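A.B. asks: My questions will all concern the structure given below.
2 protein chains.
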Amino acid sequence: MHKTASPTLPAEPPRTGQDRTREILETAARVICRQGYEGASMQAIADACGLTKGGLYHHIQSKEHLLLAIMHYGMDLFEEQVLSQVVGIVDPVERLRECMRRNVRLVTCGASQEVTIILHEHATLTGAGQAAINARKKKYVRFLESAFTEAIAAGRIRAVHPKVAAFSFLGTVLWLYKWYRADGEISAERLEAEMVDLFFGGLRPEEDRCGAA
Amino acid sequence: MHKTASPTLPAEPPRTGQDRTREILETAARVICRQGYEGASMQAIADACGLTKGGLYHHIQSKEHLLLAIMHYGMDLFEEQVLSQVVGIVDPVERLRECMRRNVRLVTCGASQEVTIILHEHATLTGAGQAAINARKKKYVRFLESAFTEAIAAGRIRAVHPKVAAFSFLGTVLWLYKWYRADGEISAERLEAEMVDLFFGGLRPEEDRCGAA
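Line by line, the protein sequences are chains B and E.
So in this note's numbering the end of the first sequence lands on 526, straight run, no missing numbers.
So in this note's numbering the end of the second sequence lands on 526, straight run, no missing numbers.
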C-alpha cells in the first residue's frame, strides 16, 4: 500500500488484500472521527468493519498502528490523486493551479474525507510514527515552496515569500474540511473554480492593478 | 468574562476572580494540548494550576465545562484583540487588512496559543455548549463575508465569492498554529506583513495585470 518504505515505522503496514485493508482503514477513520480516538474502542471499530476483534487484530496489531496506518493511507491517497498527477507539469503556475484543484477535490468530493481529517487533526502519534508522517507532509510543503520559487524566478508571479505562499495555499485548501459541506450552497465544481481564481487571480480590481503599475 | 450572555450554555462560567480564572483556563489549555482532552485528568490539571482537585472543582464543575470555558475564553480573547478593534474601520479593505494583521498576531504572538488551538481543534463538545461556540464562530464568518461584499460593491476588490473569500482568509490565518514557530526563520512581524501582502496583493506580477486588463 505504501509507496515509500520507511525504516521509522513501528511495524510494516499490511500489504495483502489491499482493497479490504483500505475498506477497514476508511471505516475505522469514520468511527474515530465520530467517537474520538480515545473514545473509539477496537471492539467498536471491529463491529463497524464486520469483523471480530480477533479478526481486526489479524489486520492490525494495535490501535496506535491503526491510527498510523490511516495517516499513511491518507498520504497515499494524496500522493496518488494530487502530487503524482501534477509533478510533471512544466509551467510552475499551472502546476500549482492544478495541484490546488486536485487537492480541493480530494478534500471536498473524496470518499475518504475522514482519512484526510485524521491525517491533519490527530497529534496523538508519537516517536517514529509521527516522524514518518511529518516527513511525508514536509515533502508536500517543499514541493509547493519550490514551485513558488520557480514561478518567481521565471517572473510568472510576484516575489512573495515562498514559505508563506506554500502555507497559505495549504491553509486555504485544508481548512475546507472544517467548513465545506457538499450539500451546502456552493457546489464542489464552483468551489474549486472560485478558490483557484481567488488564490491565483487575487483580490485587486483590474483598473487598480494598471493604475498602480 | 463573557461578552455575550447565552441561554444555551449548560452553566454560567465563573465570573469572580477574573485574572485567576484566566490563569486556570490558560494552564488547563496547555495541559490538554500536551496530553489530549481524554488523557488530561482533572488531577493533572489541578496540579498544574497549583490547586487541589477540590479547589479546581470550586472554579469549574466538570471537565466538559472546563473545555467549554476555554473555548469561550478563546472567543473572548479574539473579540477583544481582533474583532472589536476593527469593526469601526470605515474602509472595508482596510478593515479586512487590519483584521488579518491582528488575527495573525493573536495566533503567532499570543500568550494563549493553546487556547486558540483548543477553540479550533476540539470537536468533543456536544449539544448546547457546541451550539454556543459555533454561533460565536459564525459571527466572525458573517463579519468577514459582509466586509468582502461591501468591498466588492464599492469596486475596491474583484467580484470574488464572499464566502469562499471569508473561509480562505480564515484558513490562511488559522492554519498558522499548525506550522508557524516564533523561533523559526520568519519573524512574527515579517509573517504578518507577508501574509497580508499575499492575500490582498495577490500573486500576479504588475506587467501581467496591465497586459490582462
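Heads up, the beta-carbon is just placed ideally off N, CA and C, and yes, glycines get one too.
Please read these numbers as outputs of a predicted model, since none were measured by experiment.
Count the other CB atoms, across all protein chains shown, that sit within 10 Å of the CB of Lys476/E; report buried if there are 16 or more and exposed otherwise.
C.D. replies: The count along the second sequence starts at 1 and reaches residue 476/E at position 163. It counts as buried.
A.B. asks: Cα-Cα, which of Ser425/E, Ala464/E, Thr439/E, Leu409/E is closest to Ile345/E?
C.D. replies: Start at 1 with the first residue of the second sequence, and residue 345/E comes out as number 32. When only C-alpha atoms are compared, the closest one is Ser425/E.
A.B. asks: Secondary structure at Thr437/E, three-state DSSP: helix, strand or coil?
C.D. replies: Counting from 1 along the second sequence, the entry for residue 437/E is found at position 124. Coil.
A.B. asks: Is DSSP giving Glu339/E helix, strand or coil here?
C.D. replies: As a position in the second sequence, residue 339/E is number 26, starting the count at 1. Note: Glu339/E maps to helix in three-state DSSP.
A.B. asks: Could you compute how far the alpha carbon of Arg419/B sits from the alpha carbon of His435/B?
C.D. replies: Mapped onto the first sequence, residue 419/B falls at position 106. Mapped onto the first sequence, residue 435/B falls at position 122. Reading off the sequence, residue 419/B comes out as Leu, not Arg. Going by the C-alpha atoms only, they are around 19 Å apart.
A.B. asks: Would Ala464/B be called buried (16 or more neighbouring beta carbons within 10 Å of its own) or exposed?
C.D. replies: Here residue 464/B refers to the residue found at position 151 when the first sequence is read from its first residue. Ala464/B is buried by the Cβ-count criterion.
A.B. asks: Leaving out the 5 sequence neighbours to the left and right, which residues in its chain are closer than 8 Å to Leu369/B when beta-carbon positions are compared?
C.D. replies: Here the question's residue 369/B lines up with position 56 in the first sequence. Taken in chain order, the residues that qualify are Ile337, Met355, Ile358, Ala359, Cys362.
A.B. asks: Skipping 5 residues on each side, what residues in its chain have a beta carbon closer than 7 Å to that of Arg517/B?
C.D. replies: As a working note, residue 517/B is residue 204 in the first sequence. Result list for Arg517/B: empty, nothing under 7 Å.
A.B. asks: Buried or exposed: which applies to Arg455/E, given that a residue is buried once 16 or more other Cβ atoms fall within 10 Å of its Cβ?
C.D. replies: Indexing the second sequence from 1 puts residue 455/E at position 142. Arg455/E comes out exposed.
A.B. asks: Suppose only complete runs of 4+ residues qualify. What are the alpha helix (DSSP H) ranges in the region 370-448 of chain B, listed by chain order?
C.D. replies: 376-391, 405-422, 426-434
A.B. asks: Do the region 473-493 of chain E and the region 477-486 of chain B touch if we need at least three Cβ pairs shorter than 8 Å?
C.D. replies: yes
A.B. asks: Measure the C-alpha to C-alpha separation of Lys452/E and Ala444/B and round it to an integer number of angstroms.
C.D. replies: Within the second sequence, residue 452/E is the residue found at index 139, counting from 1. Within the first sequence, residue 444/B is the residue found at index 131, counting from 1. Between Lys452/E and Ala444/B, the C-alpha separation is close to 38 Å.
A.B. asks: Val400/E: buried (16+ other C-beta within 10 angstroms of its C-beta) or exposed?
C.D. replies: The residue given as residue 400/E occupies position 87 in the second sequence. Exposed.
A.B. asks: Roughly how far, in whole angstroms, is the beta-carbon of Gly514/E from the beta-carbon of Gly514/B, given that I think they are within contact range, below 8 Å?
C.D. replies: Numbered from 1 along the second sequence, position 201 holds the residue referred to as residue 514/E. Numbered from 1 along the first sequence, position 201 holds the residue referred to as residue 514/B. Contact flag wrong, Cβ pair sits at about 12 Å.
A.B. asks: Could you tell me the boundaries of the alpha helix (DSSP H) in which Ser354/E lies?
C.D. replies: As a first step, residue 354/E must be located in the second sequence, where it is residue number 41. Ser354/E -> no alpha helix (DSSP H), and no H or E assigned at all.
A.B. asks: Which two residues bound the contiguous alpha helix (DSSP H) that contains Trp492/E?
C.D. replies: For this step, residue 492/E is matched to residue 179 along the second sequence. That run of the alpha helix (DSSP H) goes 489-492.
A.B. asks: In the DSSP assignment, find the unbroken alpha helix (DSSP H) run with Ala501/B in it and report its ends.
C.D. replies: The residue given as residue 501/B occupies position 188 in the first sequence. DSSP places Ala501/B inside the alpha helix (DSSP H), whose first and last residues are 501-514.
A.B. asks: Determine the chain B residues that contact Ala478/E at a beta-carbon separation under 9 Å, and present them in chain order.
C.D. replies: The residue labelled residue 478/E in the question sits at position 165 within the second sequence. Ordered by position in chain B, the residues that pass the 9 Å Cβ test against Ala478/E are Glu507, Leu511, Leu516.
A.B. asks: Chain E beta carbons: is any one of them nearer than 9 Å to that of Tyr350/B?
C.D. replies: On the first sequence, position 37 is the one that residue 350/B refers to. Cβ-Cβ to chain E under 9 Å: yes for Tyr350/B.
A.B. asks: Quick check on DSSP: helix, strand or coil for Asp496/B?
C.D. replies: Taking the first residue of the first sequence as 1, we reach residue 496/B at position 183. Residue state, collapsed to three classes: coil.
A.B. asks: Is it true that the CB of Tyr350/B sits closer than 9 Å to the CB of Thr439/B?
C.D. replies: In the first sequence, the residue the question calls residue 439/B occupies position 126. In the first sequence, the residue the question calls residue 350/B occupies position 37. Not a contact, by the Cβ cut-off of 9 Å.
A.B. asks: Please classify Cys422/E: is it buried, with 16 or more other beta-carbons within 10 angstroms of its beta-carbon, or exposed?
C.D. replies: On the second sequence, residue 422/E is found 109 positions in, with the first residue counted as 1. Exposed, because fewer than 16 other Cβ atoms sit within 10 Å of the Cβ of Cys422/E.
A.B. asks: Do you know whose CA, among Thr340/B, Arg347/B, Trp492/B, Ala460/B, lies nearest Glu411/B's CA?
C.D. replies: Residue mapping note: residue 411/B aligns to position 98 of the first sequence, counting from 1. The candidate whose alpha carbon is nearest that of Glu411/B is Ala460/B.
A.B. asks: In whole angstroms, what separates the C-alpha of His385/B from that of Ala342/E?
C.D. replies: Sequence index remark: in the first sequence, residue 385/B carries index 72 (1-based). Sequence index remark: in the second sequence, residue 342/E carries index 29 (1-based). About 29 Å.
A.B. asks: Identify, in the order they occur along the chain, each residue of the same chain with its Cβ nearer than 6 Å to the Cβ of Asn416/E, setting aside the five sequence neighbours on each side.
C.D. replies: On the second sequence, residue 416/E is found 103 positions in, with the first residue counted as 1. The residues are Val395, Val486.
A.B. asks: Ile479/B by DSSP, collapsed to three states: which one?
C.D. replies: Stepping through the first sequence from its first residue, residue 479/B is reached at position 166. Position check: residue 479/B holds Ala in this sequence, whereas Ile was assumed. Helix, per DSSP.
A.B. asks: Once the 5 residues before and after Ile592/B are set aside, which same chain residues still bring their CB inside 7 Å of it?
C.D. replies: No answer is possible for residue 592/B: it lies beyond the span of chain B, which begins at 314 and ends at 526.
A.B. asks: Which residues in chain E have a C-beta closer than 7 Å to the C-beta of Leu457/B? List them in chain order.
C.D. replies: Along the first sequence, read from residue 1 onward, the residue named residue 457/B stands at position 144. Simply none; closest approach about 12 Å.
A.B. asks: Just checking my contact of Leu432/E with Met388/E at CB under 8 Å: how many whole Å lie between their CB atoms?
C.D. replies: The count along the second sequence starts at 1 and reaches residue 432/E at position 119. The count along the second sequence starts at 1 and reaches residue 388/E at position 75. Indeed they touch by this definition, with Cβ atoms about 7 Å apart.
A.B. asks: Under 9 Å between beta-carbons, which chain B residues line up against His474/E? List them in chain order, please.
C.D. replies: The sequence position of residue 474/E within the second sequence is 161, counting from 1. Going along chain B in sequence order, the residues near His474/E (Cβ under 9 Å) are Ile499, Arg503, Leu504, Glu507, Met508, Asp510, Leu511.
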